Each structure stands twice: as C-alpha cells, then as structure tokens.
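Peer 1: Numbering (numbering that gives the first Met the number 0), first residue to last: 0 to 191. Would you mind keeping the following structure in view while I ask a few things?
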Amino acid sequence: MISVLLQDEQYVIRWLTQYGALARPQIIHMLHDKPVRTAEKIIGNLKREHMVSEISGGYYLGMDPLVKPDQRIISAVWVLLKFIGQVEPMAHYPASYPSQIFFLKNDVGYEIMVLYEGEQHLTRLLQPEEDLKYILALPHIQMARGLKLPKAPCLFATVDYNGGDEPGVTFYSGGGDEYGGDETEIGNRTLP
C-alpha cells in the first residue's frame, strides 16, 4: 500500500533530508503553525511508516537510525527557530561552507554560521553579496570582539545549552546600524 504524505509530513522529511538528525523539539517548533499535539502526531505517523527513526533515545529524529547529529547544524537550527514564524517552510536550507544554514526573510538572505573557540579565522571565508546578512552563532559573546567581519551586516547570537531540552538563544548587535536597523525587531542587546 502506498501512503501519500501530507504537506507537513513532506516538510519534516525534507528538513531531515537536508540537515540530517534534528532534535525533536526543533521539528515541533519548525511546525510552528501546528499545536504541539498535532506536531507530535505528524512525527508519530512518520515513525509508524518507518520514514523517520529515533536517535539517542528519541531526543533526535532522523531519516536513518545511524545518522549522527551535527552539532553545528543543531545550533544553527536553534538560531533559525527564532525567525521561523517569518520564514516559509521551504525557504531555508544548508548553506555553503563555512556557513551552516541559509534562509530568506522578507526577501533578504541570511546565513547562519556557527563558530567554536579558535575558529575566528573562518569569517574570512565569507563571500558577502548584496542583500545578504550574517548571523554568527558563538559559544560566548566575548568571542565577537576578536572577529574579522565581512563587509556585510552582521548579528551575533549565543546558543546557551543550560541543561534543558531547549537552549537559550540571545542576539546581540555590534552597535550602531551595522545590522541595518533590524536588531530591535528581535530584541537584541548591544555587545557588552
């Protein structure tokens, strides 16, 4: 028997195909226009059809039970989720190295780049284009001070894994109008 996937099920399959394993709460948030109970049913249907597998005791979901979650992608998706209500379900996808995710919001392209300690040099590989903004996700905001930034608007984010199921994401601007004035729309703080 061939089962026809609902639109939201197709989205979940596409996201897991693009990004590999994602945390269950991330998928639920990506289905932001659905109640949590409905999002859980969508995931349950896909599991029953053997299209999605639980990984690491069910915290992560993936197309293949042996896929390993990519922590850079996981962090980038947490950042993306802060914009998810303003991004079409198919308007985000993996970006070119060194960034992790590209998305469109209000006809402007954004790239999310996750940097770890000692990787500050990777920002030199960014190739700014017109109407492209960068979100640099860092382990701590003090790391922003040592970055060589591209000639493009940049916003900083920290992803704080404080022991819960979902990390806290905090946005910071570099001050002034480096981000084209967008910082107030998502409640950023200026760099300390």
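Glycine included, each C-beta is placed from N, C-alpha and C at the ideal position. Every value quoted in this text rests on a predicted model; they were computed, and no experiment measured them.
Assuming A156 and A136 are in contact, meaning their beta carbons sit under 8 Å apart, how far apart are those beta carbons, in whole angstroms?
Peer 2: 5 Å
Peer 1: Among Q119, L148, Q126, R123, which residue has its Cα nearest to the Cα of M142?
Peer 2: Q119
Peer 1: To the nearest angstrom, how far is it from the Cα of V76 to the Cα of K132?
Peer 2: 16 Å
Peer 1: Given a threshold of 16 other Cβ atoms within 10 Å of its Cβ, counted over all protein chains shown, does H28 qualify as buried or as exposed?
Peer 2: buried
Peer 1: Determine the extent of the alpha helix (DSSP H) in which G43 is found, giving its start and end residues.
Peer 2: 35–47
Peer 1: Sorted by chain position, which residues of the same chain lie with C-beta nearer than 7 Å to Y10's C-beta, five sequence neighbours on each side aside?
Peer 2: P88
Peer 1: By how many angstroms is the C-alpha of R71 removed from the C-alpha of G163?
Peer 2: 18 Å
Peer 1: Please work out which residues of its chain come closer than 8 Å, Cβ to Cβ, to G61, disregarding the five sequence neighbours upstream and downstream, and give them in chain order.
Peer 2: L15, G19, A20, L21, V51, S52, I54, P68
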